[in-house]
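J.: This structure is in structure tokens; I'll ask about it shortly.
Residue numbers (our numbering): 392 to 559.
Given below as structure tokens:
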């Protein structure tokens with residue numbers, strides 16, 4: 392195999408790597424737009440929950456505690472504690488919904504990650520052994536000189552007579 396064939400094959404690999412990198416960036420762009428859209432709605436819900444929890448909860452808890460104290464005839468301390476516990480359950484539920492929405496937004500990037508891993512495996516396989524790479528076996532036009540040379544060598548070795556006489 393000549394040096395020019397190796398250089399041409401290496402150039403093809405580098406060009407294919409750049410093409411894969413470009414496609415990977417496009418896929419990342421599309422998936423990140425979807426993830427951003429989902430994350431915005433999740434963050435809006437989380438922000439709403441935080442705002443409600445921080446600004447209105449104290450006054451509401453005190454008011455409900457006094458109402459519970461008057462209606463159930465329990466001490467003020469116990470009525471405030473009961474109201475606080477119920478409010479905490481509501482806040483945890485809202486935070487759980489926001490968390491699941493954020494997980495759904497991040498899962499939109501899972502396809503991009505798997506494609507990237509697959510592309511890295513292909514690059515590794517191609518650089519280590521370009522003649523046996525599955526992609527190059529399917530697309531022999533990627534390495535026309537290398538494939539032609541290898542097939543000529545294989546034909547020559549299969550048709551050449553062996554220096555060792557055949558047994559009879």
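Here a beta-carbon is modelled for each residue, glycine too, at the ideal position from N, C-alpha and C.
#1: Closest by CA to residue 475, which one among 487, 493, 447?
#2: If you follow the alpha helix (DSSP H) that residue 493 is in, where does it begin and where does it stop?
#3: Going by Cα to Cα distance, which pick from 410, 444, 504, 429 is closest to residue 479?
#4: Nearest to residue 469 by CA position, among 484, 483, 482, 452, is which residue?
#5: Would you mind working out which of 412, 440, 402, 489 sits nearest residue 511, comparing C-alpha positions?
#6: Near residue 502, which residues of its chain fall below 8 Å by C-beta distance, leaving aside the five closest residues on each side in sequence?
#7: For my contact list, residue 430 and residue 493 are in at a C-beta cut-off of 8 Å; report their separation, rounded to the angstrom.
#8: If we ignore side chains and look at the alpha-carbon of each, how far apart do residue 558 and residue 398 end up?
#9: Which residue marks the beginning of the alpha helix (DSSP H) containing residue 464, and which one marks its end?
#10: What's the gap between the Cα of residue 396 and the Cα of residue 518?
T.: With the structure as the only source:
#1: 447
#2: 467-498
#3: 444
#4: 452
#5: 412
#6: Same-chain partners within the cutoff: 418, 422.
#7: 6 Å
#8: Low confidence applies here, because residue 558 scores a pLDDT of 48, under 50, leaving its location unreliable; read the following figure in that light. Computed Cα separation, rounded: 43 Å.
#9: First-last for residue 464: undefined, no H or E at that position.
#10: 15 Å
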